[in-house]
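Residue numbers (this note's numbering), protein chains in the order written: chain X, 973 to 1281; chain C, 648 to 1028; chain V, 2 to 412; chain P, 9 to 284. First comes the structure, then the notes that go with it.
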Amino acid sequence: MTRDHRPASDFRQARQPARRPPLTRDQVRGFWFLSPLFGFIGLFILIPVLGTIADSLFRDIVYLPVRFVFLENFRALWADPSFWSAVRFSALFVLVSVPLEVLLGLGIALVLNEPFALRGWVRACILIPWAIPAAVAGRIFQLVYNFSYGAANYLLDLLSISREPLNWLGSDLSAFIAVVVADAWQTTPFAAIILLAGLAAIPEDLYGQAKVDQAGMVARFRHITLPLLKPVLIVTLLFRTIQALRIFDIIFVLTGGGPGGATESLSMLAYRHFAAGDFGYGSAASVVLFLMAVVAAIAYVRVGRFQET
Amino acid sequence: MNICFEQLSKQYKTGRGVVDALRAFDLTIGDGQLFIILGPSGCGKSTLLNLAAGLEEPSAGTIRFGERVVASAEEHIFLEPGERNVAMVFQSYALYPHMKVFDNIAFPLRNARRKAHEIRLSVQRTAAMLGIDDLLARKPAELSGGQRQRVAIARAMVRQPSVLLLDEPLSNLDAQLRMATRAELKRLQMEMAVTTLYVTHDQTEAMTLGDQVALLKKGRLVQAGTPYALYHHPATPFAATFIGSPPMNLIPARLATSATEYYAWVNDRKIALSAELKAKAASLPTGRILLGIRPEHLRFTDQGQLEGVITYTESLGREIVYRVACAGHEVLVLADHPARETGRSVALAFDSAAVHLFPATEPADDPPDKPPLHGRPPRHG
Amino acid sequence: MVYGCNAGQEKKAVVFAVGGAPGEVMVWEEVARAFTDESGIPMRILRQPTDTAQRRQGLLVALGSAQRDPDVFLMDIAWLGLFAAGGWLAPLGDVALEPFFIETVRQADIVDGQLIALPFSLDVGIVYYRTDLLTEPVPRTWQALAAAAARAQTRIQPHTPGFYGFVWQGAQYEGLVVNFLDFAGSQGGFLVAGDRILVDSPHNVAALAMMVDFIHTQAISPPNTYTEMKEEEVRRHYQGGDALFARNWPYAYPLHAAEGSPVRGKTGVMPLPAPENGSPAATLGGWHVGVSAFSDARAEAIQFALYLTSRPVQKLLALKLGLPPGRRELYTDEDILEKYPHYELLAEILRSARSRPILPNYTLISEIMQRRLSGALARDYSPAQALAMAQQEIDRMMARTRRDPPGSRPR
Amino acid sequence: MNERQVKKLLVYLGAAATLLFCLGPFVYMLLTGLATEPDFLRPAKAFIPTWDHYHSVLFSETVHFVRYLINSIAISGISAVVSVFIAALGAYALTRLNIPGGRPILLIVLGISMFPPVSLISYLYKLMSALGWMNTYPALILPYIAWTLPLSLWIMVSYLEQVPQELDKAGLVDGCSRLKILVRIILPVAAPGLFATLLLAFIYAFNEFLIALMLTTDQAARTIPVGIALFEGLHGQVAWGEIMAAATVTTIPVVLLTLLFQRRIIQGLTRGAVKA
């Protein structure tokens, strides 16, 4: 090797100055620090999602040779009434349960934002449903709705609403209500806690000033609480929407999707096919759900960024 | 050990583009000096300190500690802070809140893997020197502001650094404590004879404490020298007004020459310039200039070079600051009692030897001949 | 596992996957020990969960990834199609089939001319009834059963509010499909016609209409039939004295007859009703034993599978665990008949019992059926609509999951 | 009645309703676990307390309940610890090391946490089958780490943002590496946040259902939510007493943790969600 022979890269560097400053040592170190994070999320979330998307284009059934079928699974899904009933259920569930939970959560948050005796205890207690696994909550409510000896029918009788026991999980409507109530029990605390934090962030001075300005309780809520809470409310709504879209645990345990598939969510539909060994079809269903979640997630992130500015 | 900054530049990428925090900065700090870096906030003085400490990497230029290059963008040399044997005292003291005072002070020694008994001895000696040897078992949260400050200094001193960096170390103390600590800091620095960079925005601190002062503005060195030189021979109007309180008056004037003399015209009044200024005046373009006079060099007389009306007075106790409206300019005058009431017409006299001359425009912050290092390429068309 | 050590000296160990309740597993261990004593083949028991679907899942994982263990396992009859199509079952070779129910073996265990499993335990639906409450002769037809149930209910319900004439398995699970086939079979309906899955037939619609009728119109079956009623709910309901008739599996017999049971000594057993001029056609359930195609000890495993279906072992397990044996000859065994007098009746039903279609995608068929049957029982749509929908969905699914023509690339 | 009294009344009524709503089903669970028969609410039936269900759940080896519980605690515990440490590393990089595109990274990670788990399980199932890891601890621990990471990262970022940057500088000048600064200075200072994150990650992993359902087949690795969901008696009867006893035993530790550390949990949850 001759001494004056410069490596080619030097010439390139000389001719074309770097556009952006090179990474500092700390930045390089930072990417090392982030690499386990990227590694885990990549290997166990991103690649699986991509794999599922790819798999949705194959006929992948456990006892058959794998074959590329392009959009065949989606076409079959489109023609499958149980797919549409799952979509309808998921949409209805989001539309009913999310506003209900956020409203209930708001109510609880408003109460817990006021000083009263034992407030700390009440606040701790609302965390209990949140801390219980959804599958266990599903079991509890399965018993609550038991036809012969469940608490729901006992309450109907006790409150003189109905002497006849109601077969809660037996009709589309009552099973839907049953799922919504069970889910509300499990997830309202989360909404309440987030909203409570939002309420606590509203400066007390504003209420004082409003009182000086002779605003009543309702007026203060409408003109101070609601507008200032709006960003947190939106975040909570979106957060809950995304979680409600993918509901699985409670339904799996409580209704199994019944009666007649009336409470089957998209997650359930996909899982059922995976469990039966029909991976391509199940993947297609989860891709649809995934796309719905992505739309919601983008909305969430956009709102997040919007709030920042 | 002396410190040498050569053509040092630092740029940050922010959301709105590239910001130059330091531009082509040259400075040499002598061995054992207490060197003050002075400037308003955002002038780049903290960046300079961080670069010296190794907390940031220069975008261009070189830093030398003695003969050793500790950072050079061009040669791709960069020593980590731990490899530079620097110590630093932070404005917030940055004491480790979960460690006791002893552990705080011992921390750098432990990182250097000194032996345990050696560490104990060093910590105790340093703590004794600073009068905090009875606080060693406490946590930082249990200390007063002044005590915390001492712990921070002790932590910096304990391993006998070759360079000591102080980032506004006194600004979190109240006024009385600040004076006392200032003196003590000076004494300690002299005792240890460690080369020290001291960053502050407070010109009084700079004047009283420093061997040398470097004045920065928008990432550039404006002037470096002894406090005396900066006060008496400010290089630019910025230097003139930043140092000294109340600040120097800058009066717009026109420079004129005859065959043998230089004159400055202030409004319609002709002011003769002293012989000492002639050389300076010769370097200025004839025409619009700024005439600088410190408020303490103006005095009230019956007949002076300037005339005006007192608009406002402000008592400093021993002295009084007057604002005098002189033909459209406001001039500050520092004078003893007895007070003169506002609304009075006065004449002001000054010694022509006390006059400074400056060009009417400040040197440009961004000379057009040197494009920014990593800016966008010029657009064509 | 350790390979190559002591090779030739000892016979390879057989791993047997079996699930079940605590008492059951103890009996299995006993059987395994006895086999080792007899043959010198070491045995290991891989304990599976009790839940059927989970047992299937566990086996699917092992076989799907071609693991060497387990070597021998028990399969629900509904899985046989899938396991066979996956090529996961080793042929068992020549076995004398006379002692078994030939029809059963032919329907379930012989695939493409090869014997790939043996019936280990058989199961079939029967009707339990209260001898003290049934005032008329044992009903032979559904109409007669319904009439008797209604009469008893009007008599008893006023003082016992939870009492119903007839309880059966209507919850949305595999048992619903079996119950439906029991109803439909005795009306002349079924799932298959020739090569085609045919569910939308007049007989099937009539059978489903009758099930709906039992719950909603005649109300002789409780409202929670289609939400909660599985085997045990039915058993407890009946055993609690709250039903005249109960459709259930033979396992309930000893429990009903157990000491302290309110229906002890008051329970009779009858076959499922038949149409006026037909014979009852019950749906076959039960467990079959198979050997993994990936087994590293295939010969030993087959030996154990045959041991499990041998007469002495079958008799022992029948007596100890109450599992109706896979061997026909045991249904006339005196010891067994003494303990389970109803086995005589069982043998008769089993002779004509029909297996669900042995297809690899049976699970998918069953899931569609479960949904639509459940929807009909919930009166979301009419029985005719339900079966029309099911037919359409099954046809589409079958087209999608058809096996490739020969010659296509294997997996 | 004046406004203040009305408000007070409303607040107390609301608090009572809240308590009833949140605790009702929980208490029902406790009672059923202790009742001889689950039908104690029916007229003419009575609540006869018994410890039988607890006894059978805790001491009957064949229901595997204790094993499920041990699995759950071990799997969630390991996942939470690893997840929080990885999140701490990442949060340190994002808050201290001037990562280009730091904010977008955070938002993308948050977006990823919104993926429905059902879109992962078929791939995980195949992956773990191929590796022969089905029904083992790693089959759950690895996905759980990834699954809890977005939440852990968000909470850790919000806590680390509050630790003054000058501590890092001091550590650097005092001769520490970045990793040492994180472990010796930043994490101890942010210890309360670290603890809150650990708790939340643990609870999230502990409560996960779908992945565990898909990737476990028996007591070797099955977790308690799946165990309880599929808990069946001998012939498939619903053993309510035992299920509720098991549910109680499962939820008591989580509930106790929650009650003891409610302040931290609320803080962590809020930061994870509303910070955007």
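We treat Cβ as the ideally placed atom computed from N, Cα and C, and that holds for glycine. Quick caveat, the model's predicted, so the values are computed rather than measured.
Beta-carbon neighbours of residue i, restricted to chain X and to distances below 8 Å
i, result
"residue 61(V)", "1034, 1249"
"residue 725(C)", "997"
"residue 11(P)", "1188, 1189"
Candidates the options: closest to residue i by CA position
i, options, result
"residue 780(C)", "747(C), 931(C), 762(C), 806(C)", "747(C)"
"residue 891(C)", "905(C), 914(C), 855(C), 923(C)", "855(C)"
"residue 314(V)", "20(V), 28(V), 17(V)", "28(V)"
"residue 254(P)", "16(P), 23(P), 37(P)", "37(P)"
"residue 1162(X)", "1143(X), 1005(X), 1104(X), 1123(X)", "1104(X)"
"residue 254(V)", "245(V), 63(V), 38(V), 266(V)", "266(V)"
"residue 1198(X)", "1126(X), 1179(X), 1185(X), 1154(X)", "1179(X)"
"residue 377(V)", "353(V), 245(V), 205(V)", "205(V)"
"residue 1136(X)", "45(P), 239(P), 50(P), 178(P)", "50(P)"
"residue 931(C)", "943(C), 915(C), 940(C), 883(C)", "883(C)"
Listed by chain order, chain C residues near residue i by CB distance under 9 Å
i, result
"residue 1024(X)", "By Cβ distance, chain C contributes nothing, its closest Cβ being about 36 Å from residue 1024(X), past 9 Å."
Proximal residues of chain X, C-beta to C-beta of residue i below 7 Å
i, result
"residue 704(C)", "996, 997"
"residue 47(P)", "1120, 1121"
"residue 260(V)", "Going along chain X, no residue has its Cβ under 7 Å from residue 260(V), so there is no contact; the nearest lies around 25 Å."
DSSP bridge partner residues for residue i (one or two, in chain order)
i, result
"residue 211(P)", "DSSP, once it has assigned bridges, lists no residue as partnering residue 211(P)."
"residue 167(V)", "246(V)"
"residue 870(C)", "862(C)"
"residue 119(V)", "290(V)"
"residue 912(C)", "901(C), 917(C)"
"residue 682(C)", "844(C), 859(C)"
"residue 948(C)", "994(C)"
Under 8 Å from the C-beta of residue i: neighbouring residues of chain P
i, result
"residue 735(C)", "177, 178, 181"
"residue 66(V)", "137, 138, 140, 142"
"residue 58(V)", "225"
Partners in chain V for residue i, counting only beta-carbon separations shorter than 7 Å
i, result
"residue 238(P)", "52, 55"
"residue 1233(X)", "372, 376"
"residue 220(P)", "Per Cβ cutoff of 7 Å: no residues; residue 220(P) is ~12 Å from chain V at best."
Inter-residue CB distance, residue i and residue j (contact presumed, cutoff 8 Å)
i, j, result
"residue 671(C)", "residue 654(C)", "5 Å"
"residue 143(P)", "residue 247(P)", "With 8 Å as the limit, residue 143(P) and residue 247(P) do not qualify as a contact, their Cβ atoms being about 24 Å apart."
"residue 683(C)", "residue 860(C)", "4 Å"
Chain C contact residues for residue i, given Cβ-Cβ distances below 8 Å
i, result
"residue 184(P)", "729, 758"
Under 9 Å from the C-beta of residue i: neighbouring residues of chain V
i, result
"residue 249(P)", "Within 9 Å Cβ-Cβ: nothing; residue 249(P) doesn't reach chain V, min ~13 Å."
Chain C residues whose Cβ lies nearer than 7 Å to that of residue i
i, result
"residue 193(P)", "743"
Cβ-heavy atom distance, residue i to the ligand GDP, below 8 Å
i, result
"residue 220(P)", "Inclusion of the ligand GDP in the displayed structure is not the case, the ligand content being empty and no account of it being possible."
Within chain P, partners of residue i - CB distance below 9 Å
i, result
"residue 700(C)", "177, 180, 181"
"residue 816(C)", "By Cβ distance, chain P contributes nothing, its closest Cβ being about 12 Å from residue 816(C), past 9 Å."
Amino acids of chain P, ordered along the chain, whose beta-carbon sits closer than 7 Å to that of residue i
i, result
"residue 49(V)", "226"
"residue 970(X)", "Because chain X is modelled from 973 through 1281, residue 970(X) falls outside the range shown and cannot be assessed."
Neighbouring residues, chain X, relative to residue i (Cβ below 9 Å)
i, result
"residue 120(P)", "1013, 1017, 1018, 1021, 1269"
Proximal residues of chain V, C-beta to C-beta of residue i below 8 Å
i, result
"residue 1125(X)", "Those within 8 Å of residue 1125(X) in chain V number zero; the least Cβ separation is about 10 Å."
Runs of 3 residues minimum, wholly inside the stretch 275-326 of chain V: which ones carry the beta strand (DSSP E) assignment?
The beta strand (DSSP E) runs of length 3 or more contained entirely in the stretch 275-326 of chain V are, from start to end of the chain, 285-292.
Residue ranges of each beta strand (DSSP E) run of no fewer than 3 residues wholly in the stretch 787-850 of chain C, ordered along the chain?
810-814, 842-847
Which complete beta strand (DSSP E) runs does the stretch 133-209 of chain V hold, if anything under 3 residues is left out?
165-168
Can you give, in chain order, each stretch of the beta strand (DSSP E) that sits fully within the stretch 733-791 of chain C and has at least 3 residues?
The stretch 733-791 of chain C contains, as complete beta strand (DSSP E) runs of 3+ residues, the segments 733-736 (chain order).
Starting from the N-terminal side, write out each stretch of the alpha helix (DSSP H) that is 4 residues or longer and does not extend beyond the stretch 92-163 of chain P.
110-120, 126-139
Just to confirm the assignment: which complete beta strand (DSSP E) runs, minimum length 3, are found wholly within the stretch 21-71 of chain V?
Runs of beta strand (DSSP E) with 3 or more residues, each lying fully within the stretch 21-71 of chain V, are found at 44-49, listed in chain order.
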